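Step one of this worksheet: look at the structure below.
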């Protein structure tokens with residue numbers, strides 16, 4: 008067959024939805040997606056609108072200062088100790104929960120027989136379904152007395168470390184960031200566990216077998232092959248947990264003594280802060296103006312979560328140069 | 471490079487294997503002399519890969535796995551009480567069907583990974599890396615980018631890297647489980663060349679589905695077969711020449727001539 012010498016005429020190809028059904032499918036899904044965006048924008052807009060007067064009148068001290076006096080004139084609303092407390096408790100919760108969750112996930116995926124693994128998975132998922140108010144009450148009634156004992160021991164033997172110092176041991180060790188951190192840890196362990204379990208079970212078994220075949224022990228295989236390969240996913244799970252920890256409200260409200268006196272790092276000192284719990288604590292009796300201040304607190308909490316997530320993302324990407332090759 | 475010819479011999483005596491209640495192998499007896507390549511051939515599901523895994527105690531990692539019989543490495547039973555599985559795996563290296571370099575490590579670190587994993591001291595790291603990569607015939611391709619991630623290599627290069635990684639442990643025996651089944655013909659040929667070079671210094675056991683490959687690389691061949699609902703076993707074991715050109719058992723004859731499989 009002879010080859011034609013004419014210049015090829017490029018045809019128009021349809022890249023859009025093909026059938027009527029596809030068109031409607033496309034319209035429905037995009038409407039739903041847009042609705043979600045609109046919802047977020049509306050919430051943000053509302054928060055900004057409500058918060059703006061307070062943010063304007065309080066300035067940068069809204070996040071840095073540590074006085075909350077809605078009765079003075081002019082009103083002084085400063086959130087510093089609560090913001091710092093939220094971070095402190097979230098970080099402590101993550102530090103407690105992450106090793107627990109990773110161990111749990113390792114046990115479920117690599118050690119337990121199938122039947123027991125599914126029992127353990129169900130139990131942990133049940134923990135995730137626990138309403139936080141229930142957890143808060145349990146924390147108040149059952150856990151606090153126990154953990155206060157731990158805190159006392161920490162203070163007694165490790166009291167030379169600022170983390171475990173208290174101003175007055177006679178105050179007891181209840182209602183401290185230490186206890187709130189534990190409660191938050193209990194809440195986020197299921198999240199981190201289920202993400203980590205998923206990541207572990209998706210690891211290529213031949214990688215693990217390869218490591219064992221090279222003379223690796225379970226521990227060295229875990230350290231050098233499983234964790235490095237799974238780390239980005241695990242950090243993703245930790246981030247999810249961090250989001251929940253920063254925003255946790257009711258459970259912390261029950262177990263923490265909220266105080267505007269800033270507690271930088273004395274974990275077992277019986278007072279601390281948490282933005283969301285502060286909003287809950289104040290909202291009922293707040294004047295309309297103070298309510299605006301609490302809205303501003305909500306906005307700041309939202310931004311704080313975004314910043315934390317962003318930083319963590321940067322860290323993950325920097326720690327995983329090999330992923331660029333994929 | 472000063473490599474002493476090993477005289478080690480691996481031998482399997484009366485190996486039977488179970489997964490849970492199901493027996494998959496019965497009374498396998500094979501000898502793998504030093505400096506010889508042994509091919510294990512047979513249809514899928516006949517237990518040859520399972521058998522291979524009993525030779526470096528990878529088999530026991532599967533939950534519910536059971537074993538009878540003994541595997542002797544230089545006269546020592548590797549399943550004896552007090553014998554450490556890790557030390558066995560260091561002496562008996564393994565290359566898997568699918569290339570499995572560690573994705574988080576560089577080419578160089580992949581070579582050193584066995585030493586790190588088994589907690590050994592690394593002396594002359596650079597020399598070891600070069601020697602191992604040279605023995606796996608991949609040095610020239612990667613010598614300028616040892617710091618690159620291992621997964622940036624092509625599939626065939628990755629497999630040769632995995633071979634080099636095993637060689638860094640200086641094994642006495644190298645087990646290969648269909649090492650070329652995921653590779654293109656060019657990469658396959660290069661790995662086969664590597665196999666014949668390596669056989670001068672160690673015993674090699676290779677599972678393969680490829681009859682031509684078995685004929686090209688091996689000195690002796692064992693034909694595995696499992697009849698329906700019975701455990702697998704060795705039908706015939708002999709020199710590769712004999713198995714392919716003058717098999718005694720008619721089933722071997724049928725298989726090597728492509729009548730089933």
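Residue numbers (our numbering), protein chains in the order written: chain A, 8 to 333; chain B, 471 to 731.
We put the beta carbon where it would ideally sit given N, CA and C, even for glycine.
These figures come from a predicted structure and were not determined experimentally.
Where residue i meets chain B, residues with beta-carbon distance less than 7 Å
i: residue 232 (chain A); result: 572
i: residue 125 (chain A); result: Neighbours of residue 125 (chain A) on chain B: none; closest Cβ ~14 Å, over 7 Å.
i: residue 235 (chain A); result: 574
i: residue 264 (chain A); result: By Cβ distance, chain B contributes nothing, its closest Cβ being about 44 Å from residue 264 (chain A), past 7 Å.
i: residue 320 (chain A); result: Neighbours of residue 320 (chain A) on chain B: none; closest Cβ ~19 Å, over 7 Å.
Burial state of residue i, where buried means 16 or more other Cβ atoms lie within 10 Å
i: residue 290 (chain A); result: exposed
i: residue 726 (chain B); result: buried
i: residue 575 (chain B); result: buried
i: residue 592 (chain B); result: exposed
i: residue 303 (chain A); result: buried
i: residue 81 (chain A); result: exposed
i: residue 518 (chain B); result: buried
i: residue 61 (chain A); result: buried
i: residue 333 (chain A); result: Caution is warranted here: a pLDDT of 40 is assigned to residue 333 (chain A), below 50, making its placement in the model unreliable, and the coordinate value is therefore given only provisionally. Its Cβ having fewer than 16 others within 10 Å, residue 333 (chain A) is exposed.
i: residue 590 (chain B); result: exposed
i: residue 43 (chain A); result: exposed
i: residue 348 (chain A); result: The first residue shown for chain A is 8 and the last is 333, placing residue 348 (chain A) beyond what the model contains.
i: residue 193 (chain A); result: buried
i: residue 321 (chain A); result: exposed
i: residue 25 (chain A); result: exposed
i: residue 74 (chain A); result: exposed
i: residue 672 (chain B); result: buried
i: residue 16 (chain A); result: exposed
i: residue 711 (chain B); result: exposed
i: residue 162 (chain A); result: buried
i: residue 662 (chain B); result: buried
i: residue 123 (chain A); result: exposed
i: residue 306 (chain A); result: buried
i: residue 91 (chain A); result: buried
heavy atom of the ligand NAP below 7 Å from residue i C-beta
i: residue 232 (chain A); result: Although the ligand NAP was asked about, the structure shown includes no ligands whatsoever.
Top-ranked residue by Cα proximity to residue i, from the options
i: residue 580 (chain B); options: B:615, B:557, B:479 and B:698; result: B:615
i: residue 68 (chain A); options: A:87, A:312 and A:81; result: A:87
i: residue 145 (chain A); options: A:191, A:112 and A:130; result: A:191
i: residue 222 (chain A); options: B:515, B:513, B:527 and B:505; result: B:527
i: residue 506 (chain B); options: B:703, B:592 and B:674; result: B:674
i: residue 485 (chain B); options: B:619, B:627 and B:547; result: B:547
i: residue 587 (chain B); options: A:14, A:214, A:177 and A:277; result: A:214
i: residue 139 (chain A); options: A:169, A:106 and A:195; result: A:195
i: residue 677 (chain B); options: B:653, B:694 and B:664; result: B:694
i: residue 174 (chain A); options: A:46, A:119, A:100 and A:278; result: A:278
i: residue 681 (chain B); options: B:650, B:657, B:656 and B:703; result: B:650
i: residue 504 (chain B); options: B:480, B:517, B:495 and B:514; result: B:480
i: residue 521 (chain B); options: B:534, B:482 and B:609; result: B:482
i: residue 567 (chain B); options: B:618, B:625 and B:601; result: B:625
i: residue 487 (chain B); options: B:633, B:530 and B:508; result: B:530
i: residue 296 (chain A); options: A:65, A:137 and A:188; result: A:65
i: residue 171 (chain A); options: A:99, A:117 and A:38; result: A:99
i: residue 742 (chain B); options: B:562, B:490 and B:599; result: Residue coverage of chain B in this structure runs from 471 to 731, which leaves residue 742 (chain B) outside it and unanswerable.
i: residue 499 (chain B); options: B:706, B:629 and B:689; result: B:706
i: residue 541 (chain B); options: B:515, B:497, B:513 and B:578; result: B:497
i: residue 495 (chain B); options: B:539, B:603, B:722 and B:683; result: B:539
i: residue 148 (chain A); options: A:55, A:261, A:111 and A:218; result: A:261
i: residue 664 (chain B); options: B:606, B:585 and B:582; result: B:606
Residues that residue i contacts on chain A, provided the C-beta gap is smaller than 9 Å
i: residue 568 (chain B); result: 211 and 213
i: residue 553 (chain B); result: Per Cβ cutoff of 9 Å: no residues; residue 553 (chain B) is ~14 Å from chain A at best.
i: residue 736 (chain B); result: Because chain B in this structure spans residues 471 to 731, residue 736 (chain B) falls outside the shown range and cannot be described.
i: residue 608 (chain B); result: By Cβ distance, chain A contributes nothing, its closest Cβ being about 17 Å from residue 608 (chain B), past 9 Å.
Per-residue contacts from residue i into chain B (C-beta, under 9 Å)
i: residue 120 (chain A); result: 533 and 534
i: residue 68 (chain A); result: In chain order: nothing, as chain B lies at least about 46 Å away.
i: residue 227 (chain A); result: 586, 587, 588 and 589
Partner residues on chain E for residue i, Cβ-Cβ distance less than 9 Å
i: residue 560 (chain B); result: Checking the listed chains, one finds no chain E in this structure; the protein chains it contains are A and B.
Partners in chain A for residue i, counting only beta-carbon separations shorter than 7 Å
i: residue 564 (chain B); result: 220
Chain A contacts made by the stretch 572-601 of chain B, where a contact means CB separation under 7 Å: Those residues of the stretch 572-601 of chain B that come within reach of chain A (Cβ to Cβ, closer than 7 Å) are 572, 573, 574, 583, 584, 586, 587, 588 and 589.
Any residues in the stretch 507-532 of chain B with a beta carbon nearer than 7 Å to a beta carbon of chain A? Which ones, in chain order? Under the 7 Å Cβ criterion, the stretch 507-532 of chain B contributes 526, 528 and 531.
The stretch 608-623 of chain B in contact with the stretch 636-656 of chain B per 3-pair CB rule at 8 Å: The stretch 608-623 of chain B, when compared against the stretch 636-656 of chain B, does not touch it at the 8 Å Cβ threshold.
Identify each residue in the stretch 626-649 of chain B for which the Cβ-Cβ distance to at least one residue of chain A is less than 8 Å, and report them in chain order. Of all residues in the stretch 626-649 of chain B, those with a C-beta nearer than 8 Å to a C-beta of chain A are 632, 635, 636 and 639, reading in chain order.
Chain-ordered residues of the stretch 197-208 of chain A with a beta carbon less than 8 Å from chain B: Within the stretch 197-208 of chain A, no residue qualifies.
Does the pairing of the stretch 86-101 of chain A with the stretch 280-287 of chain A give three or more beta-carbon distances under 8 Å? They touch, by the three-pair rule.
Is the stretch 176-186 of chain A touching the stretch 148-168 of chain A in the sense that three or more CB pairs, one from each, lie closer than 8 Å? Output reads yes: the stretch 176-186 of chain A touches the stretch 148-168 of chain A.
Please confirm if the stretch 646-666 of chain B is in contact with the stretch 620-634 of chain B, defined as three or more CB-CB distances below 8 Å between the two stretches. Enough Cβ pairs lie closer than 8 Å, so yes.
For the 8 Å Cβ check, are there 3 or more pairs between the stretch 258-273 of chain A and the stretch 224-236 of chain A? Verdict: no, contact absent.
Check each residue of the stretch 164-180 of chain A: if its Cβ is closer than 7 Å to any Cβ of chain B, include it; give the result in chain order. Listed in sequence order: no entries.
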